[in-house]
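Peer 1:
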Amino acid sequence: MLFDYHMHSNFSADSETPMEEMIQASINKGLTEISFTEHIDYEYPDPTISFDLDIPAYTEELNKMREKYKDIITIKKGVELGVQPYLLERYDKLMNEEDFDFVICSIHTADKKDLHSGDFFANRTPEESYQLYYEELLYCVKNFKQYNILGHIDLVKRYKSLNSKADFHDILSEIFKVIIPDGKGIELNASGYAYGLGGPMPTKDILELYKDCGGEVLTIGSDAHVPHHVGYNFTEIIESIKSIGFKYITTFDQMKPSFHPINKLNKTQNSNEI
Ligand SMILES: [Zn+2]
Ligand SMILES: [Zn+2]
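Mapped onto this note's numbering, the consecutive letters of the sequence shown carry residue numbers 72 to 345.
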């Protein structure tokens, strides 16, 4: 058993990889179950890119692939919602109309400004940026419930380092105290390696905080947009999760969780290749 619960294909605006190539890479890595998590980011501030998702076309291709590879790998229909406080009603409406196995709730845009372009970080200190990012996330988890896990919860670190040793554990605890009783979780997102953070997101201190708050729902995802990032460094990630004391990795079917003992997970093939 080995799962990658965060990957994109060319149904996401920022990936050009056909779904089938991501599936073949997953099989080559020794994965037994994956979830595509294509982007939907309403009102993304960069006008040159649109993170809408053609859900009927996505569903059709996914069903085709599921049938073709059904004896080799389990493929789930997921989505990554780029939430913002003022968009939550629209996302609620979408979720009431559509069926997904797995939903990641992510913040890519705060204060209506793009993190990726750096606009969000202009005219405020790194500390103010982190605080505002987590405040918006806190607002979203209090007011939106139709998701399973929070994506790359400390994404701000990818774009801006702090001048101080501030850890934002107070506001992160507040977030965890909302999501844990709701039955939601967080992910270990391996793209931190690819983006030079030297490890997955979130960092270990946040993972320990989540555990201390009683968090148990945990997924592992590569956030791969290209085949060679699929399952990246999962062996190391699983070891670090174990060392913190987590006992299970979670998968989802129709938004319902299943818990798999970490001890029963396989190691990835060629796990250190990138
Ligand atoms: Zn994301
Ligand atoms: Zn993603």
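Just so it is clear, CB atoms sit at the ideal spot from N, CA and C, and this is done for glycine as well.
1) Do His240 and ligand 1 come close, with the Cβ less than 8 Å from some heavy atom?
2) Out of curiosity, what's the CA-to-CA distance linking Asn99 and Ser293?
3) Please determine whether the Cβ atom of Asp294 lies at a distance below 8 Å from any heavy atom of ligand 1.
4) Less than 8 Å between the CB atoms is what I'm expecting for Lys271 and Tyr264, so what's the real figure, rounded?
5) Going by beta-carbon coordinates alone, are Phe122 and Gly153 separated by less than 9 Å?
6) Rounded to whole angstroms, what is the Cα-Cα separation between Tyr162 and Gly189?
7) Any idea what DSSP makes of Pro271, helix, strand or coil?
8) Strictly closer than 6 Å from CB to any heavy atom of ligand 1: give me those residues in the order they appear in the chain.
9) Whole angstroms is fine: what's the gap from Lys335's alpha carbon to Phe74's?
10) Relative to ligand 4, is the shortest distance from any of its heavy atoms to the C-beta of Thr88 smaller than 8 Å?
11) Should the segment 283-293 be called in touch with the segment 249-264, which here means at least 3 C-beta pairs below 8 Å?
12) Using only alpha-carbon positions, find the residue among Val288, Tyr319, Asp112, Tyr218 that is nearest to Leu158.
13) Any idea what DSSP makes of Met78, helix, strand or coil?
14) Can you give me the C-alpha to C-alpha distance between Ile309 and Met136, rounded to a whole angstrom?
15) Between which two residues does the alpha helix (DSSP H) containing Glu132 stretch?
16) Mind reading off the beta-carbon distance from Met93 to Met72? Whole number of angstroms is fine, and I expect it under 8 Å.
17) Enumerate in chain order the residues of its own chain whose CB-to-CB distance from Ile126 is below 7 Å, with the five nearest sequence positions on each side excluded.
18) By DSSP's criteria, Pro332 is part of a beta bridge. Which residues make up the other side?
19) List the endpoints of the continuous beta strand (DSSP E) containing Ser177.
20) For Glu245, which residues in the same chain have their Cβ closer than 8 Å to its Cβ, ignoring the five residues on either side in sequence?
21) Whose CA, out of Leu268, Glu160, Glu207, lies closest to the CA of Ile178?
22) Is the CB-CB distance between Leu243 and Ile220 below 9 Å?
23) Cα-Cα, which of Ile175, Tyr129, Phe82 is closest to Thr322?
24) Might you give, ordered along the chain, the residues of its own chain that have their beta carbon closer than 8 Å to the beta carbon of Tyr140, omitting 5 neighbours on each side?
Peer 2: Looking at the atomic coordinates:
1) Counting from 1 along the sequence shown, the entry for residue 240 is found at position 169. No - ligand 1 has no heavy atom lying nearer than 8 Å to the Cβ of His240.
2) Taking the sequence shown and counting its residues from 1, the one referred to as residue 99 is at position 28. Taking the sequence shown and counting its residues from 1, the one referred to as residue 293 is at position 222. Rounded to the nearest angstrom, the two C-alpha atoms are 15 Å apart.
3) Numbered from its first residue, the sequence shown carries residue 294 at position 223. Checking every heavy atom of ligand 1 against the Cβ of Asp294, one is found closer than 8 Å.
4) For the purposes of this step, residue 271 is taken as the residue at position 200 of the sequence shown. For the purposes of this step, residue 264 is taken as the residue at position 193 of the sequence shown. Looking at the sequence itself, residue 271 is Pro, so the reference to Lys does not match. That pair is a contact at about 7 Å.
5) Along the sequence shown, one-based indexing puts residue 122 at 51. Along the sequence shown, one-based indexing puts residue 153 at 82. Yes, these two residues count as a Cβ contact at 9 Å.
6) As a first step, residue 162 must be located in the sequence shown, where it is residue number 91. As a first step, residue 189 must be located in the sequence shown, where it is residue number 118. Those two C-alpha atoms are separated by around 25 Å.
7) What you label residue 271 is simply residue 200 of the sequence shown in a count that begins at 1. Coil.
8) Glu151, Ser177, His179, Gly222, His223
9) The residue labelled residue 335 in the question sits at position 264 within the sequence shown. The residue labelled residue 74 in the question sits at position 3 within the sequence shown. When rounded, the distance between both Cα atoms is 12 Å.
10) You won't find ligand 4 in this model; what it holds is ligand 1 and ligand 2.
11) yes
12) On the sequence shown, position 87 is the one that residue 158 refers to. Of the candidates Val288, Tyr319, Asp112, Tyr218, the one whose C-alpha sits nearest the C-alpha of Leu158 is Asp112.
13) Translated into the one-based positions of the sequence shown, residue 78 becomes position 7. Met78: strand per DSSP, three-state reduction.
14) Position 238 of the sequence shown holds residue 309. Position 65 of the sequence shown holds residue 136. Taking the straight line from one Cα to the other gives about 28 Å.
15) For this step, residue 132 is matched to residue 61 along the sequence shown. That run of the alpha helix (DSSP H) goes 126-139.
16) In the sequence shown, the residue the question calls residue 93 occupies position 22. In the sequence shown, the residue the question calls residue 72 occupies position 1. Contact flag wrong, Cβ pair sits at about 19 Å.
17) Working through the sequence shown from its first residue, we reach residue 126 at position 55. Excluding positions up to five away in sequence, the list reads Glu169.
18) Walking along the sequence shown from the start, residue 332 turns up at place 261. Per DSSP, Tyr319.
19) Here residue 177 refers to the residue found at position 106 of the sequence shown. 173-177 is the extent of the beta strand (DSSP E) around Ser177.
20) Indexing the sequence shown from 1 puts residue 245 at position 174. Answer for Glu245: Leu209, listed in chain order.
21) Locating residue 178 in the sequence shown gives position 107, where the first residue counts as 1. Measuring from the Cα of Ile178, the nearest candidate turns out to be Glu207.
22) Here residue 243 refers to the residue found at position 172 when the sequence shown is read from its first residue. Here residue 220 refers to the residue found at position 149 when the sequence shown is read from its first residue. No.
23) As a working mapping, residue 322 is identified with position 251 in the sequence shown. Closest option to Thr322, Cα to Cα, is Ile175.
24) As a first step, residue 140 is located in the sequence shown; it is residue number 69 there, counting from the start. The residues are Ile94, Ile98, Ile146.
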